[in-house]
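Residue numbers (the working numbering): 23 to 258.
Below is the structure:
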């Protein structure tokens, strides 16, 4: 059985150390370029500013563009978002959804959702394109419809990601997508040495998604890492 690589695993280098440093630098430049490639409008920039002032993390421009692309790929009409923040990820998702699509977004902070409402309006989305539900995600998600969603985006409490996964499998239609943001944890997920419980939970999530017969996974190196998986019509 395959397993998620451990930081203590020994890997034989294929290039001299000097060349490895060059490759790493090029990768960092590529990540920066992927963010700079995306032109964000005033509504997104306003939402980012509000999130920064509130001390919230937002998806990077590159990760946001990936979310919009994924929503468009599944022709999403119904999307559930865990973690409204100030609306950055929601705007990207709405841009990729069908014109008649509705984003259901959940957050514990109604004040943050008010910022998101304003940002959505400024981005040109009608009020009926988003349904805001205040509350803890694990209290709200059980009330949402089984197999009623094309995409579930998880950007809430990382300690609860495994619970979000279980709920997402119920919420998604066959062929739907679940996406987790921040799975790199700024490099700590693959870092050596003792790690906080949050990082250990992220490693467990990665293993669970990769080994699930119900999911077809991929790990996208944009932003702080997007873990994506398609819910199979029939288990592998």
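Glycine is no exception: its CB is placed at the ideal position from the N, C-alpha and C atoms.
Original post:
When you compare each of 245, 244, 212, 157 to residue 229 by their alpha carbons, which one comes out closest?
Top reply: On the chain shown, position 207 is the one that residue 229 refers to. Ranking 245, 244, 212, 157 by Cα distance to residue 229 puts 212 first.
Original post:
With C-beta atoms as the reference, is residue 206 less than 7 angstroms away from residue 183?
Top reply: Within the chain shown, the letter at position 184 stands for residue 206. Within the chain shown, the letter at position 161 stands for residue 183. No. Outside cutoff.
Original post:
Cβ of residue 129 less than 7 angstroms from any chain B Cβ?
Top reply: No chain B is part of this structure, which consists of one protein chain only.
Original post:
At what residues does the beta strand (DSSP E) containing residue 153 begin and finish?
Top reply: As a first step, residue 153 is located in the chain shown; it is residue number 131 there, counting from the start. Per DSSP, residue 153 belongs to the beta strand (DSSP E) from 152–156.
**OP:** Helix, strand or coil for residue 236, going by three-state DSSP, please let me know.
**Re:** Working through the chain shown from its first residue, we reach residue 236 at position 214. Coil.
Original post:
Does DSSP put residue 100 in a helix, a strand or coil?
Top reply: Locating residue 100 in the chain shown gives position 78, counting from the first residue. Residue 100 falls in the strand class under three-state DSSP.
Original post:
Any chance the stretch 119–129 sits against the stretch 149–156, with 3 or more Cβ pairs inside 8 angstroms?
Top reply: yes
Original post:
Considering only the beta carbon of each residue, do residue 177 and residue 105 sit closer than 7 angstroms?
Top reply: Working through the chain shown from its first residue, we reach residue 177 at position 155. Working through the chain shown from its first residue, we reach residue 105 at position 83. Contact: yes.
**OP:** Locate the beta strand (DSSP E) running through residue 196, then write down its first and last residues.
**Re:** Position 174 of the chain shown holds residue 196. Taken as a continuous stretch (DSSP letters only), the beta strand (DSSP E) holding residue 196 covers 194–203.
Subject >> Three CB pairs or more closer than 8 angstroms across the stretch 62–77 and the stretch 132–140 >> reply: yes
**OP:** Kindly indicate which residue of 175, 256, 231, 181 has the alpha-carbon position closest to the one of residue 223.
**Re:** On the chain shown, position 201 is the one that residue 223 refers to. Nearest of 175, 256, 231, 181 to residue 223, Cα basis: 181.
Original post:
Anyone know if the C-beta pair for residue 252 and residue 238 falls short of 7 angstroms?
Top reply: For the purposes of this step, residue 252 is taken as residue 230 along the chain shown, with counting starting at 1. For the purposes of this step, residue 238 is taken as residue 216 along the chain shown, with counting starting at 1. Yes, the pair counts as a contact, with Cβ atoms nearer than the cut-off.
Original post:
Are residue 129 and residue 160 closer than 7 angstroms when you measure CB to CB?
Top reply: Against the chain shown, residue 129 aligns to sequence position 107. Against the chain shown, residue 160 aligns to sequence position 138. For residue 129 and residue 160, no; Cβs fall outside 7 angstroms.
Original post:
Does the distance from the CB of residue 115 to the CB of residue 101 come in under 7 angstroms?
Top reply: By one-based count along the chain shown, residue 115 stands at place 93. By one-based count along the chain shown, residue 101 stands at place 79. Their beta carbons are under 7 angstroms apart, which means residue 115 touches residue 101 by this criterion.
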